[in-house]
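Asks: Okay, so the sequence shown: first residue is 30 according to the numbering used here, each after it adds one.
Sharing a structure here in structure tokens format.
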Amino acid sequence: MLKLVGFSLLVLFSSERPATVEGVYDYYKYHPMSEIGVWMVQMKEDHPDLVTRVEYGTTYEKRTISLLKIGLKTNAIKKIAWMDCGIHASEWIAPAFCQYFVNQILQSYKTDAKIRRMMENLDFYVTPVLNVDGYIYSWKDSTTRLWRKNRKPGPSTGCYGTDLDLNFDANWGNLGASFNCSSDTFCGTNPESESEVKAVADLVRKQRGNFLCFLSIQSFGQLILFPYGDPNDTVPNYNELMKVGQDAAEAIKKVHGQNYTVGSFPNVLYPDSGSIRDWARMQGIRFSYTFKLRDKGTFQLPEDQIQPACEEAYRGALRVITHAHDQIYGGGAAATAATLWTLLLAAGVTLM
Ligand SMILES: [Zn+2]
């Protein structure tokens, strides 16, 4: 009976709101860009008190790059927790995670005092798909499924795409990058030569002092990686980044028993340069990580693993964000004046 009701509701709405009615959108499937776009608008409409959609750039193929800004609206200057997904087109689990993350925090803030408190103090800036052109191309057919880069034509004819995670102005072009535009690791013609990278950099520069933490969600490998990509350059808060990363890995392991490896990027993988992670750290953002989600061998994570992958990564990401938040605002989920007020009102206390 319940199933029937759900089904008829879906049919009822399907003409105008395809697959995006709250509670019906399937977070455990991969969605093409068109559906993710509709979903973003729906999130804003379902939660007008909390969600704003911010368009902050344009891709090479003239598509809009946008993020969801999520938090309680106040007149105070709020801190920012950044999350980008889909910087590499082939890593479909990443956009799936950003959507899961948004839905989770929106569902839980009513009952979870800690989430609510974080929403008072900071805004979550979540970009579900940063490399929009590349993501759409990876959905074209099986021959393009593993496309990684954006879709801008290279400096020589017949080659396309720059790896956006090598194009930031952070030791650009020096390590793990290629200047051959046919390569999967082509780093662009100069730092921020790609409009997608420029969009992020301009947005961050405008509010540089407000960013608390910066998470670039990618795949695969089950890794939590921090700056710098140059093995000879040690990040000033190395021990802190290691400790918080290990806490996140522990939180992840508790969910489904999966092991995540933590370390600086070159210590765990290989030297790189021009990454979004290193660049964010160089802007003074203290907690900057690349998360590489499940599994340990493929960009094509089977759909039946989306749910466990998201559930565990959610705990890990939240661990980092909570730590960054608590450093400024103190720990605990103690009620602030605003939440106390809400609780009293909910309890029916008469105001005098
Ligand atoms: Zn990646």
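No residue lacks a Cβ here, since even glycine has one placed at the ideal position from N, Cα and C.
A230 to V53, Cα distance in whole Å?
Replies: Taking the sequence shown and counting its residues from 1, the one referred to as residue 230 is at position 201. Taking the sequence shown and counting its residues from 1, the one referred to as residue 53 is at position 24. Taking the straight line joining both Cα atoms gives about 35 Å.
Asks: Note down, in chain order, each residue of its chain lying with its Cβ closer than 6 Å to the Cβ of L135, except the 5 sequence neighbours on either side.
Replies: By one-based count along the sequence shown, residue 135 stands at place 106. Cβ neighbours of L135 beyond the five flanking positions: H76.
Asks: Would you say the beta carbon of E120 is closer than 7 Å to some non-hydrogen atom of ligand 1?
Replies: Position 91 of the sequence shown holds residue 120. Indeed, a heavy atom of ligand 1 lies less than 7 Å from the Cβ.
Asks: Cα separation between A228 and T87?
Replies: Residue numbering aside, residue 228 sits at position 199 when the sequence shown is read from its first letter. Residue numbering aside, residue 87 sits at position 58 when the sequence shown is read from its first letter. Using only the alpha carbons, I get a separation of about 7 Å.
Asks: Select from V83, E223, D324 and F316 the residue whose C-alpha is nearest the C-alpha of Y189.
Replies: Working through the sequence shown from its first residue, we reach residue 189 at position 160. The shortest C-alpha separation from Y189 is found at E223.
Asks: Considering only residues of the same chain and omitting the five flanking positions on each side of L101, which have a CB-CB separation below 7 Å?
Replies: As a working mapping, residue 101 is identified with position 72 in the sequence shown. Excluding sequence neighbours, L101 sits near L79, M148 and E149.
Asks: Going by C-alpha distance, which of S212, N160, E84 and K58 is nearest V70?
Replies: As a first step, residue 70 must be located in the sequence shown, where it is residue number 41. It is E84.
Asks: At a cut-off of 7 Å, would you count I116 as near ligand 1, judging by its Cβ distance to the nearest heavy atom?
Replies: As a working note, residue 116 is residue 87 in the sequence shown. Yes - ligand 1 has a heavy atom lying nearer than 7 Å to the Cβ of I116.
Asks: Ligand 1 and D152: does the residue's C-beta get closer than 7 Å to at least one heavy atom of that ligand?
Replies: On the sequence shown, position 123 is the one that residue 152 refers to. No - ligand 1 has no heavy atom lying nearer than 7 Å to the Cβ of D152.
Asks: Name the one or two DSSP bridge partners that M112 has.
Replies: As a first step, residue 112 must be located in the sequence shown, where it is residue number 83. Answer is V155 and L244.
Asks: For D170, is the classification buried or exposed, using 16 other Cβ atoms within 10 angstroms of its Cβ as the cut-off for buried?
Replies: Numbered from 1 along the sequence shown, position 141 holds the residue referred to as residue 170. Answer is exposed; the Cβ neighbour count stays below 16.
Asks: G238 by DSSP, collapsed to three states: which one?
Replies: On the sequence shown, residue 238 is found 209 positions in, with the first residue counted as 1. In this structure, G238 counts as helix in the three-state DSSP scheme.
Asks: Would you mind reading off the limits of the alpha helix (DSSP H) that contains S167?
Replies: Numbered from its first residue, the sequence shown carries residue 167 at position 138. Residues V161 to S167.
Asks: Using a 10 Å radius around the Cβ and a threshold of 16 neighbouring Cβ atoms, would you call F208 buried or exposed?
Replies: Within the sequence shown, the letter at position 179 stands for residue 208. Result: exposed.
Asks: Going by alpha carbons, who is nearest to T319 out of I305, E332 and K325?
Replies: The sequence position of residue 319 within the sequence shown is 290, counting from 1. Nearest C-alpha to T319: I305.
Asks: Is it true that the stretch 345-352 meets the stretch 242-262, where meeting means three or more beta-carbon pairs spaced less than 8 Å apart?
Replies: At 8 Å Cβ cutoff, the stretches touch.
Asks: Measure the alpha-carbon distance for P61 versus I314 and round it to whole angstroms.
Replies: Translated into positions along the sequence shown, residue 61 becomes position 32. Translated into positions along the sequence shown, residue 314 becomes position 285. Distance between the alpha carbons of P61 and I314: 32 Å.
Asks: Does the distance from the C-beta atom of L193 to that of N219 stay below 8 Å?
Replies: As a first step, residue 193 is located in the sequence shown; it is residue number 164 there, counting from the start. As a first step, residue 219 is located in the sequence shown; it is residue number 190 there, counting from the start. It is not a contact, given that the beta carbons lie outside the stated cut-off.
Asks: Spatial neighbours of P260 within its chain, please: CB distance less than 6 Å, with the 5 preceding and 5 following residues excluded, ordered by chain position.
Replies: For the purposes of this step, residue 260 is identified with residue 231 of the sequence shown, where counting begins at 1. Once the five neighbours on either side are set aside, the close Cβ partners of P260 are P295 and P300.
Asks: If you run the structure through DSSP and keep just helix, strand and coil, what is K98?
Replies: Here residue 98 refers to the residue found at position 69 of the sequence shown. Of the three classes helix, strand and coil, the one that applies to K98 here is strand, per DSSP.
Asks: On the criterion of 16 or more Cβ atoms from any shown chain inside 10 Å, does A191 qualify as buried, or is it exposed?
Replies: Translated into positions along the sequence shown, residue 191 becomes position 162. For the sequence presented, residue 191 should be read as Thr rather than Ala. With 16 or more Cβ atoms within 10 Å of its Cβ, T191 is classed as buried.
Asks: Using beta-carbon positions only, say whether I293 and G202 come within less than 8 Å of one another.
Replies: Position 264 of the sequence shown, counting from 1, holds the residue named residue 293. Position 173 of the sequence shown, counting from 1, holds the residue named residue 202. According to the sequence shown, residue 293 is Ser rather than Ile. Not closer than 8 Å, so no.
Asks: Output needed for L322: all residues of its chain with C-beta closer than 6 Å, excluding positions within five of it in sequence on either side, in chain order.
Replies: Taking the sequence shown and counting its residues from 1, one reaches residue 322 at position 293. Answer for L322: I122, S248, A338 and A342, listed in chain order.
Asks: Taking the alpha-carbon positions, what's the M112 to G187 distance?
Replies: Here residue 112 refers to the residue found at position 83 when the sequence shown is read from its first residue. Here residue 187 refers to the residue found at position 158 when the sequence shown is read from its first residue. Those two C-alpha atoms are separated by around 33 Å.
Asks: Excluding the five sequence neighbours on either side, which residues of its own chain have a C-beta within less than 7 Å of the C-beta of G109, listed in chain order?
Replies: Within the sequence shown, numbered from 1, the residue matching residue 109 stands at position 80. Note that residue 109 is Ile in the sequence shown here, rather than Gly. Answer for I109: L151, D152, Y154, Q236, N239, F240 and L241, listed in chain order.
Asks: Could you tell me whether the Cβ atoms of A199 and W308 are closer together than 8 Å?
Replies: Start at 1 with the first residue of the sequence shown, and residue 199 comes out as number 170. Start at 1 with the first residue of the sequence shown, and residue 308 comes out as number 279. Yes.
Asks: With DSSP as the reference, label V131 as helix, strand or coil.
Replies: Working through the sequence shown from its first residue, we reach residue 131 at position 102. Note: V131 maps to helix in three-state DSSP.
Asks: Closest to I357 by CA distance: which of K107, R92, L96 and S95 is it?
Replies: The residue given as residue 357 occupies position 328 in the sequence shown. The shortest Cα separation from I357 among K107, R92, L96 and S95 belongs to K107.
Asks: Have a look at T49 and E120 and give me their C-alpha separation to the nearest angstrom.
Replies: Working through the sequence shown from its first residue, we reach residue 49 at position 20. Working through the sequence shown from its first residue, we reach residue 120 at position 91. Unreliable positioning characterises T49 in this predicted model, as indicated by a pLDDT of 46, which lies under 50. A coordinate reading is not provided.
Asks: Going by Cα to Cα distance, which pick from D262, G326 and F328 is closest to R382?
Replies: Any question about residue 382 goes unanswered here, given that the chain covers just 30 to 381.
Asks: Kindly identify the DSSP beta-bridge partner or partners of E269.
Replies: On the sequence shown, residue 269 is found 240 positions in, with the first residue counted as 1. Looking at the DSSP assignment, E269 forms no beta bridge with any residue, so it has no partner.
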